[in-house]
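Colleague: Below: one structure in structure tokens.
Put into structure tokens, the structure is as follows:
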């Protein structure tokens, strides 16, 4: 198994991916981590390319930025996770990187769409009447 740690580039603009019910967009484009507080609701996640907080002009835009998943816990705390891209032969697979939060390896998916659908359907019962998608708080 060969693991690629390359950052994905954002040279091609793509329209936001819509959820099945078209209620909101999963992909929110290039964002600073602090701007996600205005986008996310508790227990929601979004995909974004993380731009530096200190960027004051478009001329400071990096050529490459990491693709991230932002998650807001039920208590309102925001977490940002990266991705691991695995290559098996000529195929690429995706895995969410929860290192530092969850010791257990996360599932590996053949596509980003499959990864998104999995986590959209995943719920952890905290036992206090609240649920989480990721093991937080």
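Numbering (the working numbering), first residue to last: 1058 to 1194.
All residues carry an ideal CB built from backbone N, CA and C; glycine is no exception.
1) May I ask you to report which of helix, strand or coil DSSP gives residue 1155?
2) Among all the DSSP beta bridges, which residues are the ones paired with residue 1165?
3) Only counting the same chain, and skipping five residues up and downstream in sequence, which positions put a Cβ closer than 6 Å to that of residue 1180?
4) If you run the structure through DSSP and keep just helix, strand and coil, what is residue 1187?
5) Based on Cα-Cα distance, which residue from 1101, 1086, 1139, 1148 lies nearest to residue 1157?
6) Should the segment 1101 to 1111 be regarded as contacting the segment 1148 to 1155, the criterion being three or more beta carbon pairs within less than 8 Å?
7) Hey, how far is the Cα of residue 1166 from the Cα of residue 1128?
8) May I have the straight-line CA-CA distance separating residue 1093 from residue 1135, to the nearest angstrom?
9) Quick check on this structure: which residue in 1178, 1186, 1172 has the alpha carbon closest to the alpha carbon of residue 1053?
10) Which same chain residues end up closer than 8 Å to residue 1076 when comparing Cβ atoms and leaving out the 5 residues on each side of it in sequence?
11) Along the chain, where does the beta strand (DSSP E) that runs through residue 1098 open and close?
12) Strictly by DSSP, which residues pair up with residue 1147?
Modeller: From the atom records:
1) Against the chain shown, residue 1155 aligns to sequence position 98. The answer is coil: DSSP assigns residue 1155 none of H, G, I, E or B.
2) Your numbering for residue 1165 matches position 108 in the chain shown. DSSP output for residue 1165 lists 1152 as bridge partner(s).
3) Position 123 of the chain shown, counted from the first residue, corresponds to residue 1180. Cβ within range, chain order: 1188.
4) Here residue 1187 corresponds to residue number 130 of the chain shown, with the count starting at 1. Note: residue 1187 maps to coil in three-state DSSP.
5) Reading the chain shown from its first residue, position 100 is the one you call residue 1157. The shortest C-alpha separation from residue 1157 is found at 1139.
6) no
7) Locating residue 1166 in the chain shown gives position 109, where the first residue counts as 1. Locating residue 1128 in the chain shown gives position 71, where the first residue counts as 1. Spanning the two alpha carbons is a distance of roughly 19 Å.
8) The count along the chain shown starts at 1 and reaches residue 1093 at position 36. The count along the chain shown starts at 1 and reaches residue 1135 at position 78. Cα to Cα, the separation comes out at about 8 Å.
9) The question about residue 1053 has no answer here: the residues shown for the chain are numbered 1058 through 1194.
10) Working through the chain shown from its first residue, we reach residue 1076 at position 19. Annotation note: pLDDT 39 at residue 1076 (below 50); position unreliable, coordinate value reported separately. So the qualifying residues of the chain are 1082, 1083, 1177.
11) As a first step, residue 1098 is located in the chain shown; it is residue number 41 there, counting from the start. No beta strand (DSSP E) contains residue 1098, which DSSP labels as neither H nor E.
12) Residue numbering aside, residue 1147 sits at position 90 when the chain shown is read from its first letter. DSSP, once it has assigned bridges, lists no residue as partnering residue 1147.
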